[in-house]
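Working notes, beginning with the structure itself.
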Amino acid sequence: MSGNTDVLMGYFDSLLTTLEEDPRKTIVSDLLAGAAAQVPDDDYTPVATDTIALGMRVIPLKPPAKVNGGAINRITALQLLTVVKTIPPSRLKLHILSCCAGVLDV
Amino acid sequence: MKIWSISNQKGGVGKTTSVVSLGGLLADQGHRVLLVDLDPHGSLTSYFGQDPDGLERSLYHLFFEQRWRNVDYIRDTLKPTSLANVSMLPATTSLATLERQVSGQDGMGLVLARSLAQLWDDYDYALLDTPPILGVLLVNALAACQQLVIPTQTEHLALKGLERMVHTLKMVMKSQKRELPYTIVPTLFDRRTSASLTSLKEMRRTYQGALWDEAIPVDTRLRDASHEGVFPHQLDPNTRGVRAYRHLLAQLCGEKR
Ligand SMILES: Nc1ncnc2c1ncn2[C@@H]1O[C@H](COP(=O)(O)OP(=O)(O)O)[C@@H](O)[C@H]1O
Ligand SMILES: [Mg+2]
Chain A
1 MSGNTDVLMG YFDSLLTTLE EDPRKTIVSD LLAGAAAQVP DDDYTPVATD TIALGMRVIP
61 LKPPAKVNGG AINRITALQL LTVVKTIPPS RLKLHILSCC AGVLDV
Chain B
107 MKIWSISNQK GGVGKTTSVV SLGGLLADQG HRVLLVDLDP HGSLTSYFGQ DPDGLERSLY
167 HLFFEQRWRN VDYIRDTLKP TSLANVSMLP ATTSLATLER QVSGQDGMGL VLARSLAQLW
227 DDYDYALLDT PPILGVLLVN ALAACQQLVI PTQTEHLALK GLERMVHTLK MVMKSQKREL
287 PYTIVPTLFD RRTSASLTSL KEMRRTYQGA LWDEAIPVDT RLRDASHEGV FPHQLDPNTR
347 GVRAYRHLLA QLCGEKR
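Quick mapping for you: the protein sequence lines, in order, are chains A and B.
Following the working numbering, the numbering of the first sequence begins with 1 at its first residue and continues without gaps.
Following the working numbering, the numbering of the second sequence begins with 107 at its first residue and continues without gaps.
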């Protein structure tokens with residue numbers, strides 16, 4: 001498939017699938033939860049990000065709880081928001097946005 | 107309800123004219139018909155005397171607040187035409203902003219299909235008039251219809267629009283995991299011009315199976331009907347254009363001529 005066709009297929013898939021029906025959403029959500037759980041509890045080190053089947057990188061949303069964990073969580077979520085702003089509309093984008101919204105408690 | 111989408115990713119090829127002509131002939135056979143205007147230009151809406159800049163409600167409004175679930179709201183949005191058994195779901199120019207408003211929301215290609223499901227027993231046929239650009243509105247039409255009609259002007263440049271349309275259709279079928287039959291209809295055919303004859307030959311070569319074996323001729327009576335705001339067969343039931351559309355209708359309904 002050409003890159004053009006790939007982009008269009010993603011567009012059609014997103015328009016023609018509702019969230020409830022999308023199995024990929026569950027996969028991403030599980031991966032995000034898993035990645036968050038794996039963050040070690042000591043000093044903050046950028047956790048190795050996994051490249052998953054969707055070609056997206058999972059960035060843990062939950063750095064260590066030490067040194068004002070809540071603030072760091074929010075900063076990470078805000079950083080993620082600036083990254084996600086740059087990717088085209090898709091289910092994954094929507095999902096990451098809702099994860100961030102959860103962390104930021106908005 | 108049977109739902110046909112009349113689409114091509116090119117403008118001025120006779121989409122709106124085909125919707126009105128076929129819709130009128132179906133109504134003439136006694137069917138209850140719904141015409142849907144998905145084009146932000148609102149040509150179909152204007153055809154029947156409504157103002158796409160002035161209407162309070164249109165297809166646009168069904169995309170918000172889950173109004174597509176509300177059958178009373180949908181019925182109240184419909185407008186009459188010049189025939190009692192034909193209604194129209196009108197367009198407003200605000201439709202042009204839809205792409206931006208719904209971007210990032212999943213499932214927005216299914217709003218029309220869901221709205222029509224609410225009207226399932228109210229009409230025998232729904233004919234969808236679509237914009238010539240690939241976007242959320244065209245996807246809504248392709249997702250809702252059971253059959254696609256592709257009017258294609260018989261001139262060389264129009265073949266590109268046809269090719270794009272067929273490509274889009276194939277991708278939507280793949281995304282939806284279903285087959286959608288389509289019929290290519292040569293329009294604005296003038297047998298005196300070589301452009302018409304050559305492009306028709308070209309279409310035959312590339313799309314034999316899907317090509318209707320007649321053509322809609324150039325007929326100024328079709329244009330006159332749009333000025334009067336009536337269905338072409340109301341103006342003149344035997345003009346060449348109307349006769350050709352009658353043949354096309356028989357073909358689309360699966361009757362052999
Ligand atoms: N068979 C025809 N003979 C003469 N004029 C036509 C015919 N089909 C369409 N037209 C005219 O051509 C113009 C474009 O047609 P229209 O149906 O509005 O195209 P589209 O909806 O694809 O943009 C209109 O002015 C219409 O009246
Ligand atoms: Mg039109």
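Beta carbons are placed, not taken as given, at the ideal position from N, Cα and C, and that holds for glycine.
- Across the set A:T17, A:S98 and A:N73, the C-alpha of A:T17 shows the shortest separation from the C-alpha of S281 of chain B.
- Taking a contact as a CB-CB distance under 8 Å, the pair L141 of chain B and G129 of chain B counts as one, their CB atoms being some 5 Å apart.
- At a cut-off of 8 Å between C-beta atoms, D13 of chain A counts as an interface residue with respect to chain B.
- Boundaries of the alpha helix (DSSP H) harbouring P338 of chain B: P338 to L341, taken from the DSSP string.
- Taking 8 Å as the CB threshold, S188 of chain B stays off the interface with chain A.
- At least one heavy atom of ligand 2 falls within 7 Å of the beta-carbon of K121 of chain B.
- Beyond the five residues adjoining it in sequence on each side, I96 of chain A comes within less than 6 Å, by CB distance, of V84 in the same chain, given in chain order.
- Scanning its chain for C-beta atoms nearer than 6 Å, with the 5 sequence neighbours on each side dropped, one finds around R220 of chain B the residues W174, in chain order.
- Residue environment analysis places K266 of chain B among the exposed positions, since fewer than 16 neighbouring C-beta atoms fall within 10 angstroms of its C-beta.
- Secondary structure note for K108 of chain B: it is in no alpha helix (DSSP H), and the uninterrupted beta strand (DSSP E) holding it is K108 to I112.
- Excluding the 5 residues flanking it on each side, L94 of chain A has no same chain C-beta neighbour closer than 6 Å.
- By the beta-carbon neighbour count (other beta carbons within 10 angstroms, threshold 16), H262 of chain B is exposed.
- The beta carbon of K93 of chain A falls within 8 Å of a beta carbon belonging to chain B, placing the residue at that interface.
- Look at the segment 281-310 of chain B: the residues with a C-beta under 7 Å from a C-beta of chain A are S281 and Q282.
- Nearest C-alpha to E269 of chain B among B:R284, B:A249, B:I290 and B:M279: B:I290.
- Around the CB of G3 of chain A, fewer than 16 other CB atoms lie within 10 Å, so the residue is classed as exposed.
- Ranked by Cα distance from Q115 of chain B, the first of B:I256, B:V324 and B:E320 is B:I256.
- What M214 of chain B touches in chain A, judged by beta-carbon distance under 8 Å, is L15, going in chain order.
- In this model, S14 of chain A and C251 of chain B are separated by some 18 Å (Cα to Cα).
- Chain-order list of chain A residues neighbouring M277 of chain B: T5, L8, M9 and F12, by C-beta distance under 8 Å.
- Contact annotation, S127 of chain B with P338 of chain B: C-beta distance approximately 5 Å; criterion of less than 8 Å satisfied.
- For the 8 Å CB-CB criterion, D325 of chain B and T345 of chain B form a contact.
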